[in-house]
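Read in order, the letters of the sequence shown are residues 148 to 609 in our numbering.
All C-beta atoms, glycine included, are put in the ideal place defined by N, C-alpha and C.
Scroll down for the structure; my scribbles are underneath it.
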Amino acid sequence: MKQIINLITLFLLIGNQGLFGQYEFPQKQIVEDLQFYKTRLERNHPNLYLYNTRERIESFFDSLILSLNKPLSEAEFYRELTLTSSVIRDGHTLILPSRSFVEFHNLHSRFLPLQMGIFGEHLYVKMNCTSSIVIEDGTIVDSINGLSSQEIIKELLDRQVRDGNSLSYSEWILDTYFREYYSYAFGHPEVYDVSYTNEDVKHSLKIPALLKDSIYHHRLVNYPGIYSSATQSKGVYLEYDSSYEVAIITIKDFHTEVLRSEYGQDFSREIRSIFESIFSVNPQNLIIDLRDNQGGDVKNGVKLLSFLLKHPFKIVEEYNTLKRGRIVRCSGPSSGFNRPNRKIFTGQIYVLINGGSFSNSSIVSSCLRANTSAIFVGTETGGNPNVLAGYARNFKLPNTKIRVEIPTKQFIMTSLKGNDGNGLIPTFEIENSIQDNILQNDAQIGFVMKLIKERKETGKRG
Numbered sequence: 148m149k150q151i152i153n154l155i156t157l158f159l160l161i162g163n164q165g166l167f168g169q170y171e172f173p174q175k176q177i178v179e180d181l182q183f184y185k186t187r188l189e190r191n192h193p194n195l196y197l198y199n200t201r202e203r204i205e206s207f208f209d210s211l212i213l214s215l216n217k218p219l220s221e222a223e224f225y226r227e228l229t230l231t232s233s234v235i236r237d238g239h240t241l242i243l244p245s246r247s248f249v250e251f252h253n254l255h256s257r258f259l260p261l262q263m264g265i266f267g268e269h270l271y272v273k274m275n276c277t278s279s280i281v282i283e284d285g286t287i288v289d290s291i292n293g294l295s296s297q298e299i300i301k302e303l304l305d306r307q308v309r310d311g312n313s314l315s316y317s318e319w320i321l322d323t324y325f326r327e328y329y330s331y332a333f334g335h336p337e338v339y340d341v342s343y344t345n346e347d348v349k350h351s352l353k354i355p356a357l358l359k360d361s362i363y364h365h366r367l368v369n370y371p372g373i374y375s376s377a378t379q380s381k382g383v384y385l386e387y388d389s390s391y392e393v394a395i396i397t398i399k400d401f402h403t404e405v406l407r408s409e410y411g412q413d414f415s416r417e418i419r420s421i422f423e424s425i426f427s428v429n430p431q432n433l434i435i436d437l438r439d440n441q442g443g444d445v446k447n448g449v450k451l452l453s454f455l456l457k458h459p460f461k462i463v464e465e466y467n468t469l470k471r472g473r474i475v476r477c478s479g480p481s482s483g484f485n486r487p488n489r490k491i492f493t494g495q496i497y498v499l500i501n502g503g504s505f506s507n508s509s510i511v512s513s514c515l516r517a518n519t520s521a522i523f524v525g526t527e528t529g530g531n532p533n534v535l536a537g538y539a540r541n542f543k544l545p546n547t548k549i550r551v552e553i554p555t556k557q558f559i560m561t562s563l564k565g566n567d568g569n570g571l572i573p574t575f576e577i578e579n580s581i582q583d584n585i586l587q588n589d590a591q592i593g594f595v596m597k598l599i600k601e602r603k604e605t606g607k608r609g
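Here it is in structure tokens:
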């Protein structure tokens, strides 16, 4: 979702709240903000009681209100408020620090200069964004500033958005934006005491925090190959293997606006051009890469599916909204049956997915699972394939100005009865290892290529 990206990169004028982290809001204002948020959830959110009962939600908020018994800074209140994500369990219900808070810290505060990744219950070093390599990439970190990696991960996951019972999206967000979310929970220390073990010997290293501009500069200098690839300039693109028997479509984003502004691409035009090439080359296998694609416009998913499905299809079975406290039917994008293209791809489809496959990526994956023999490879999607919420309304809490986004429409792709709270589980669960990530080795697409070869040798199509 583009909101997550905007949260990290947004630079606006600094507000007038003074020195962030020092100003404390009176207890009365903190409680007012929490009650404002709760009321807006109750009035707007169609999935508020999807994973927890009304009584459980009420009890959680009551307990939280009782715990807010003293003045708090915005950062302190944000840490309390985001605990609600674990009971609401909706990945589109976002809680973002105020714009002025984000701007101030992005410009003036110092951050952890290591790019950290999450692998299971471990933190590891992805990149050294420092003037020299201080810890070898791939090193598993035992603790940061005296807190174990397991404790840090739990602290952050407890406050992270997720769809239903799955933590795959939560983990993907932290793996992608660890630096920022660490700062929201633990502030901005001047020095990071990082402990790690190498060849059974424990080490501890004190690493000075850096401004973001310096971090980004060192990252670009230390890892030029990662950020200079030609594919970085494309949001949707087509590649072939050397035999031209396998076509690979990578779709980084389904947002029309993002594709146009960041990549200069029109989705409809790009996808039509891609399939014109595919129909001309006639590969027998198609890999669709939806990893790290947080969703976007439903109509773009329909456009993709129109080249893949034989019969008229529904991408969403029904849309609902909350009206006077009741769930009622409503209109939604690409509702009803959608017509396939006159010419469609008839070979074997493979779909690459992971925790970053969210929202519209899960909707598309759900439709492919229901209507084709597509084979899914990777890890569980972050988005729920059965039901989700969207069309968020944006609010600012009246005192702290913390931003919240609350969905107003329920999307049912399959049925509520079929929803077990998990993401779409791949046909073959393949996870890149730490070394795969460090060496930029794509084990998941490697598995698909091997599978295609094996199926060809055994006489199976594709």
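What are the start and end residues of each continuous alpha helix (DSSP H) run of 4 or more residues lying completely inside the segment 291-369, in chain order?
296-304, 315-333 and 359-369
Tell me the residue span of the alpha helix (DSSP H) that contains glutamine 174.
By 1-based counting over the sequence shown, the position of residue 174 is 27. 174-191 is the span of the alpha helix (DSSP H), which, as asked, contains glutamine 174.
Residue span of the beta strand (DSSP E) that contains asparagine 501, given as start and end:
The residue you call residue 501 lines up with position 354 of the sequence shown. Unbroken run through asparagine 501: none, as it is neither H nor E.
Taking DSSP as the reference, what is the three-state secondary structure of leucine 228?
The residue labelled residue 228 in the question sits at position 81 within the sequence shown. Reduced to three states, the DSSP call for leucine 228 is helix.
Please classify threonine 468: is it buried, with 16 or more other beta-carbons within 10 angstroms of its beta-carbon, or exposed?
In the sequence shown, counting from the first residue as 1, residue 468 sits at position 321. Buried is the call here.
Taking serine 603 as part of the alpha helix (DSSP H), name the residues at either end of that continuous run.
As a working mapping, residue 603 is identified with position 456 in the sequence shown. Correcting the residue identity first, residue 603 is lysine in this sequence and not serine. Lysine 603 -> alpha helix (DSSP H) spans 590-604.
Report the residue from Asn275, Glu268 and Arg407 whose alpha carbon sits nearest the alpha carbon of lysine 614.
Nothing can be reported for residue 614: it is not among the residues displayed for the chain, which extend from 148 to 609.
Quick test of the definition: if touching needs 3 or more C-beta pairs under 8 Å, does the segment 466-483 touch the segment 395-405?
no
Give a yes or no on contact between the segment 241-255 and the segment 504-524, applying the rule of three or more CB pairs nearer than 8 Å.
no
Quick check: what's the CA-CA separation for isoleucine 592 versus leucine 433?
The residue you call residue 592 lines up with position 445 of the sequence shown. The residue you call residue 433 lines up with position 286 of the sequence shown. Rounded to whole angstroms, isoleucine 592 to leucine 433 spans 12 Å at the Cα level.
Have a look at the DSSP bridge pairing and note the partners of lysine 543.
Within the sequence shown, residue 543 is the residue found at index 396, counting from 1. Per DSSP, Arg550.
Taking all protein chains shown into account, do 16 or more other C-beta atoms lie within 10 angstroms of the C-beta of glycine 606, making it buried, or fewer, making it exposed?
What you label residue 606 is simply residue 459 of the sequence shown in a count that begins at 1. Exposed.
DSSP state of phenylalanine 158, grouped into three classes?
Locating residue 158 in the sequence shown gives position 11, where the first residue counts as 1. Any reading at phenylalanine 158 must be qualified, since the residue scores a pLDDT of 37, below 50, and its modelled position is unreliable; no value is offered.
Endpoints, beta strand (DSSP E) assigned at glutamate 404:
By 1-based counting over the sequence shown, the position of residue 404 is 257. It is not in any beta strand (DSSP E) - glutamate 404 instead sits in the alpha helix (DSSP H) that spans 403-410.
Using DSSP with H/G/I as helix, E/B as strand and the rest coil, what is alanine 521?
As a working mapping, residue 521 is identified with position 374 in the sequence shown. If DSSP states are grouped into helix, strand and coil, alanine 521 belongs with coil.
For arginine 476, the three-state DSSP class (helix, strand or coil)
Walking along the sequence shown from the start, residue 476 turns up at place 329. In the structure shown, arginine 476 sits in a strand (DSSP, three-state: E or B).
Distance check for serine 508 and threonine 528, CA to CA, integer angstroms please.
In the sequence shown, residue 528 corresponds to position 381, counting from 1. In the sequence shown, residue 508 corresponds to position 361, counting from 1. Taking the straight line from one Cα to the other gives about 8 Å.
Considering only DSSP beta bridges, list what arginine 381 is partnered with.
As a first step, residue 381 is located in the sequence shown; it is residue number 234 there, counting from the start. With the sequence shown as reference, residue 381 is identified as lysine, and arginine is not the correct amino acid for it. Paired residues: none, contrary to the question.
C-alpha gap between lysine 600 and cysteine 276, whole angstroms:
Position 453 of the sequence shown holds residue 600. Position 129 of the sequence shown holds residue 276. Cα to Cα, lysine 600 sits roughly 40 Å from cysteine 276.
When Gln557, Glu464, Val338 and Gln307 are compared against tyrosine 225, the one with the closest alpha-carbon
Here residue 225 refers to the residue found at position 78 when the sequence shown is read from its first residue. With distances taken between Cα atoms, tyrosine 225 lies closest to Gln307.
So what does DSSP say about asparagine 627, is it helix, strand or coil?
Given a span of 148 to 609 for the chain in the structure shown, any question on residue 627 remains unanswerable.
Grab me the residues of threonine 574's own chain with a C-beta within less than 7 Å of its C-beta, minus the 5 sequence neighbours each way, in chain order.
What you label residue 574 is simply residue 427 of the sequence shown in a count that begins at 1. Within the same chain, threonine 574 has close Cβ partners Ile522, Phe523 and Val524.
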